[in-house]
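Chains as they are written, first to last, in our numbering: chain A, 2 to 116; chain B, 634 to 748.
Scroll down for the structure; my scribbles are underneath it.
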């Protein structure tokens, strides 16, 4: 079974630009969550999607958005990039929404550098 | 809102020494807690969950409701245990629909086991 796949793995953008990151969950997983990982703040929750609907949202500005498609693949978008958006963006999938088994399966991440 | 605290950013021990990674939580419901681990150049992955009361790679974690703690312990640390460890609360039922805010991990503790 293929794991969670994130693309692109690395990207460099400049301030003011926008970026779209993609995540393909494990086959059969319907829930996709996104996290921002930085050395200072650790893992911060961005949002969770299930059945193409955003179910939960973290405390990030509206520049951060996402969506989920009918095949459970998800994208997140960051507009008007700021230097502080430089981070590793992790996608995680799980079988069901808010699965109480707690097991999230993570991708390798997309490392965004904003210059 | 749920909150989890990992007070140590870095923990350094010698091989064979006991290790304890601290995690404290605040949670209004009945908590289920998890530890995730990220080894160098690997994906973040589930290490163990308290509900299963299992021991993984020699690690155990006991939920102490009185102290609201879920410390991760291993009696004899090994060099291969060097990694980043994250304590994580579950996704509570009340979080569905986005009304409860963040789903959070602790900021993580970097464990370094020296030879």
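The beta-carbon is built from N, C-alpha and C at its ideal position, and this holds for glycine as well.
Just so you know, these numbers come straight off a predicted model, no measurement behind them.
Contact between residue 64 of chain A and residue 81 of chain A holds, since their C-beta atoms are separated by about 5 Å, short of 8 Å. Under the three-state reduction of DSSP output, residue 685 of chain B falls in the helix class. Of all residues in the segment 686 to 705 of chain B, none comes within less than 8 Å of chain A when Cβ atoms are compared.
Taking a Cβ-Cβ threshold of 7 Å, the residues of chain A close to residue 677 of chain B are 91 and 107, in chain order. For residue 695 of chain B, the enclosing beta strand (DSSP E) has its first and last residue at 693 to 697. Residues of chain B whose Cβ lies closer than 8 Å to the Cβ of residue 53 of chain A do not exist, since the nearest Cβ in that chain is about 15 Å away. Around residue 69 of chain A, no beta-carbon contact reaches into chain B at under 9 Å, the shortest distance being about 14 Å. DSSP, reduced to helix, strand and coil, places residue 43 of chain A within a strand of the structure shown. Beyond the five residues adjoining it in sequence on each side, residue 17 of chain A comes within less than 8 Å, by CB distance, of 81 and 82 in the same chain, given in chain order. Apart from sequence neighbours up to five positions away, the residues of its chain that approach residue 748 of chain B with a beta-carbon distance below 7 Å are 648 and 712, ordered along the chain.
Taken through DSSP and simplified to helix, strand or coil, residue 677 of chain B comes out as coil. The beta carbons of residue 93 of chain A and residue 113 of chain A sit no closer together than 9 Å. Shortest Cα-Cα distance from residue 47 of chain A to any of A:58, A:40, A:41 and A:54 involves A:58. Taking the Cα of residue 27 of chain A as reference, the smallest distance to any Cα among A:62, A:78, A:86 and A:73 is reached at A:73. Relative to residue 702 of chain B, the option among B:657, B:637 and B:638 whose CA is nearest is B:657. Residues of the segment 30 to 44 of chain A with a C-beta atom less than 7 Å from some C-beta of chain B are 42, 43 and 44, listed in chain order.
Interface with chain A (9 Å Cβ-Cβ cutoff): residue 747 of chain B is excluded.
DSSP, reduced to helix, strand and coil, places residue 67 of chain A within a strand of the structure shown.
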